[in-house]
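Position in the sequence shown (first residue = 1) + 76 = my numbering.
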Amino acid sequence: MSDESRPHRTAAVIPAAGRGVRLGPGAPKALRTLGGTPMLIHAVRAMARSRAVALVVVVAPPDAAATAEVRRMIDEHALPERTEILVVPGGETRQESVRAGLDALPADITAVLIHDAARPLVPVDTVDTVVEAVRDGAPAVVPALPLADTVKEVEPGRPGEPEPVVATPVRARLRAVQTPQGFDLATLRLAHEKTAVDGEGATDDAGMVEQLGVTVVVIPGHEEAFKVTRPLDLVLAEAVLARRRATDAY
Ligand code: CTP
Ligand code: MG
Numbered sequence: 077m078s079d080e081s082r083p084h085r086t087a088a089v090i091p092a093a094g095r096g097v098r099l100g101p102g103a104p105k106a107l108r109t110l111g112g113t114p115m116l117i118h119a120v121r122a123m124a125r126s127r128a129v130a131l132v133v134v135v136a137p138p139d140a141a142a143t144a145e146v147r148r149m150i151d152e153h154a155l156p157e158r159t160e161i162l163v164v165p166g167g168e169t170r171q172e173s174v175r176a177g178l179d180a181l182p183a184d185i186t187a188v189l190i191h192d193a194a195r196p197l198v199p200v201d202t203v204d205t206v207v208e209a210v211r212d213g214a215p216a217v218v219p220a221l222p223l224a225d226t227v228k229e230v231e232p233g234r235p236g237e238p239e240p241v242v243a244t245p246v247r248a249r250l251r252a253v254q255t256p257q258g259f260d261l262a263t264l265r266l267a268h269e270k271t272a273v274d275g276e277g278a279t280d281d282a283g284m285v286e287q288l289g290v291t292v293v294v295i296p297g298h299e300e301a302f303k304v305t306r307p308l309d310l311v312l313a314e315a316v317l318a319r320r321r322a323t324d325a326y
């Protein structure tokens, strides 16, 4: 699907600048290992495995030591040679980190994937499906899955206090969104320009594009694209990796 003669190139931006507070004390989340390899390297490989991705921009934790550590890690691990990899320092919020990644993209990039470093195991087929939908003309594409749990909207109270329920959305209409999210680059740049960083900032790029009035489409996500957020997610990620290594010489 990647056509070298086309002037349009697709890049992937990997926000990896978060601390991983919910995972507990330790190194920044993206630098922690899964199966002996840093989570960030798994995420870079997941993007580089797609032939459509010509360039990967890794957004590293902002302090100089961590940024240098990320560069060293990337240089130390085997990655496809056809993929160019840049490292830039991130910001205080995910929104600012993504913005820093977008600012580093060269002029010939016309489409971009934004992919959480915290989703190290996304299969290449999901990446390719997102890229294809963008190349077919969708300005914003999000992989997502139906929910297992019913969701309640509540009036948030103090931690541990009972919270009144406000509404119960129909579960069949809800989707849990994943990454990589794919965008026409000009559309995503505009969304970032128009959205001020408020508090913790936007945690979802597609949500910012929705605010422009642009249609965002959902395509099927993948169970293995789950986000490593809490300690139990590490157990699951290790199990998925072990199964892959046993079954397909991963
Ligand atoms: N991220 C980022 N810059 C930030 C905050 C988050 O690049 N200032 C990235 C994280 O590195 C991660 C992705 O955004 O790959 C999704 O965020 P999340 O899962 O919330 O990771 P953390 O913010 O690191 O975790 P926590 O919220 O538990 O601290
Ligand atoms: Mg976070």
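Heads up, the beta-carbon is just placed ideally off N, CA and C, and yes, glycines get one too.
Quiz prompt | Local Cβ density within 10 Å of Thr279, reported as buried at 16 or more and exposed below that | solution = Locating residue 279 in the sequence shown gives position 203, counting from the first residue. Per the 10 Å Cβ criterion, exposed.
Quiz item: Do you know offhand how far Asp151's Cα is from Glu160's?
Solution: To locate residue 151, count along the sequence shown from 1; it is residue 75. To locate residue 160, count along the sequence shown from 1; it is residue 84. The alpha-carbon of Asp151 is positioned some 11 Å away from that of Glu160.
Practice problem: Between the Cα of Met284 and those of Ile190, Ala267, Gln171, spot the shortest distance and give me the residue it belongs to. | Solution: One-based indexing of the sequence shown puts residue 284 at position 208. Checking every option, the nearest Cα to that of Met284 belongs to Ala267.
Quiz item: With a CB to CB cut of under 8 Å and the five nearest residues on each side skipped, what residues in its chain are close to Leu162?
Solution: If you number the sequence shown from 1, residue 162 lands on position 86. Closer than 8 Å at the Cβ level, and outside the excluded window around Leu162, lie Leu131, Val132, Val133, Val134, Ala180.
Quiz item: Between Arg121 and the rest of its own chain, which residues show a CB-CB distance below 7 Å, the 5 nearest in sequence each way excluded?
Solution: Here residue 121 corresponds to residue number 45 of the sequence shown, with the count starting at 1. Here the set comprises Leu155.
Quiz item: For the ligand MG, is there a heavy atom less than 7 Å away from the beta-carbon of Arg306?
Solution: Taking the first residue of the sequence shown as 1, we reach residue 306 at position 230. Here the distance from the Cβ of Arg306 to the nearest heavy atom of the ligand MG is not below 7 Å.
Exercise. Return the CA-CA distance between Gln171 and Pro256, expressed in angstroms with no decimal places.
Key: Walking along the sequence shown from the start, residue 171 turns up at place 95. Walking along the sequence shown from the start, residue 256 turns up at place 180. Cα to Cα, Gln171 sits roughly 15 Å from Pro256.
Quiz item: If Val203 and Ser126 are in contact, beta carbons under 8 Å, what's the gap, nearest whole angstrom?
Solution: Numbered from 1 along the sequence shown, position 127 holds the residue referred to as residue 203. Numbered from 1 along the sequence shown, position 50 holds the residue referred to as residue 126. With 8 Å as the limit, Val203 and Ser126 qualify as a contact, their Cβ atoms being about 4 Å apart.
Quiz item: Any heavy atom of the ligand CTP within a distance shorter than 7 Å of the CB on Thr323?
Solution: Counted from its first residue, the sequence shown places residue 323 at position 247. Shortest gap from the CB of Thr323 to any heavy atom of the ligand CTP: 7 Å or more.
Exercise. Would you mind giving the Cβ-Cβ distance between Val292 and Ala301, rounded to the nearest angstrom? I have them listed as a contact below 8 Å.
Key: Working through the sequence shown from its first residue, we reach residue 292 at position 216. Working through the sequence shown from its first residue, we reach residue 301 at position 225. In fact, because the Cβ distance is near 17 Å, the residues do not count as touching under 8 Å.
Exercise. State yes or no: is the C-beta of Gly236 nearer than 7 Å to some heavy atom of the ligand MG?
Key: For the purposes of this step, residue 236 is taken as residue 160 along the sequence shown, with counting starting at 1. Gly236 has its Cβ no nearer than 7 Å to any heavy atom of the ligand MG.
Quiz item: Does the region 207 to 215 come close enough to the region 232 to 239 to have 3 or more Cβ pairs within less than 8 Å?
Solution: Short answer: they don't touch.
Self-check item: Delimiting residues of the beta strand (DSSP E) encompassing Pro138
Solution: If you number the sequence shown from 1, residue 138 lands on position 62. Careful: Pro138 lies outside any beta strand (DSSP E) and carries neither H nor E.
Practice problem: Please report how far the alpha carbon of Gly94 lies from the alpha carbon of Ala103, in whole angstroms. | Solution: As a first step, residue 94 is located in the sequence shown; it is residue number 18 there, counting from the start. As a first step, residue 103 is located in the sequence shown; it is residue number 27 there, counting from the start. Their Cα atoms are separated by approximately 10 Å.
Quiz item: Just checking my contact of Gly258 with Val207 at CB under 8 Å: how many whole Å lie between their CB atoms?
Solution: Reading the sequence shown from its first residue, position 182 is the one you call residue 258. Reading the sequence shown from its first residue, position 131 is the one you call residue 207. Separation of the CB atoms of Gly258 and Val207 is rounded to 6 Å, and the pair is thereby assigned contact status at 8 Å.
Exercise. Figure out for me which residue from Gly233, Arg195, Arg265, Val174 has the closest Cα to the Cα of Pro215.
Key: Start at 1 with the first residue of the sequence shown, and residue 215 comes out as number 139. With distances taken between CA atoms, Pro215 lies nearest to Arg265 out of Gly233, Arg195, Arg265, Val174.
Quiz item: Can you list, in chain order, the stretches of the alpha helix (DSSP H) that have 4 or more residues and sit fully within the region 178 to 240?
Solution: If we require 4 residues or more, the alpha helix (DSSP H) runs fully inside the region 178 to 240 come out as 200 to 211.
Quiz item: Would you say the beta carbon of Gly166 comes nearer than 7 Å to a heavy atom of the ligand MG?
Solution: The count along the sequence shown starts at 1 and reaches residue 166 at position 90. Taking the Cβ of Gly166 as the reference point, every heavy atom of the ligand MG lies at 7 Å or farther away.
Quiz item: Mind checking whether the beta-carbon of Gly94 lies closer than 7 Å to any heavy atom of the ligand MG?
Solution: Locating residue 94 in the sequence shown gives position 18, counting from the first residue. Yes; taking the cut-off as 7 Å, the Cβ of Gly94 has a heavy atom of the ligand MG nearer than that.
Exercise. Please work out which residues of its chain come closer than 7 Å, Cβ to Cβ, to Val273, disregarding the five sequence neighbours upstream and downstream, and give them in chain order.
Key: Here residue 273 refers to the residue found at position 197 of the sequence shown. Answer for Val273: Thr169, Gln171, Glu172, listed in chain order.
Self-check item: Residue span of the beta strand (DSSP E) that contains Thr86, given as start and end
Solution: Taking the sequence shown and counting its residues from 1, one reaches residue 86 at position 10. According to the DSSP assignment, Thr86 belongs to the beta strand (DSSP E) that extends over 85 to 91.
Quiz item: From Pro91, Arg85, Pro245, pick the residue whose C-alpha is nearest to that of Lys303; which is it?
Solution: Counted from its first residue, the sequence shown places residue 303 at position 227. Comparing Cα positions, the closest option is Pro91.
Quiz item: Excluding the five sequence neighbours on either side, which residues of its own chain have a C-beta within less than 8 Å of the C-beta of Thr113, listed in chain order?
Solution: Against the sequence shown, residue 113 aligns to sequence position 37. Take Thr113, set aside five residues on each side of it, and the residues of its chain with a beta-carbon closer than 8 Å to its own are His153, in chain order.
Quiz prompt | Where Leu102 sits in the DSSP three-state scheme | solution = By one-based count along the sequence shown, residue 102 stands at place 26. According to the sequence as given, residue 102 is Gly; it is not Leu. Looking at Gly102 - three-state DSSP - the assignment turns out to be coil, as it is neither helix nor strand.
Self-check item: Three-state class that DSSP yields for Ala252 in the structure shown
Solution: Taking the first residue of the sequence shown as position 1, residue 252 is located at position 176. For Ala252, the secondary structure class from DSSP, reduced to helix, strand or coil, is strand.
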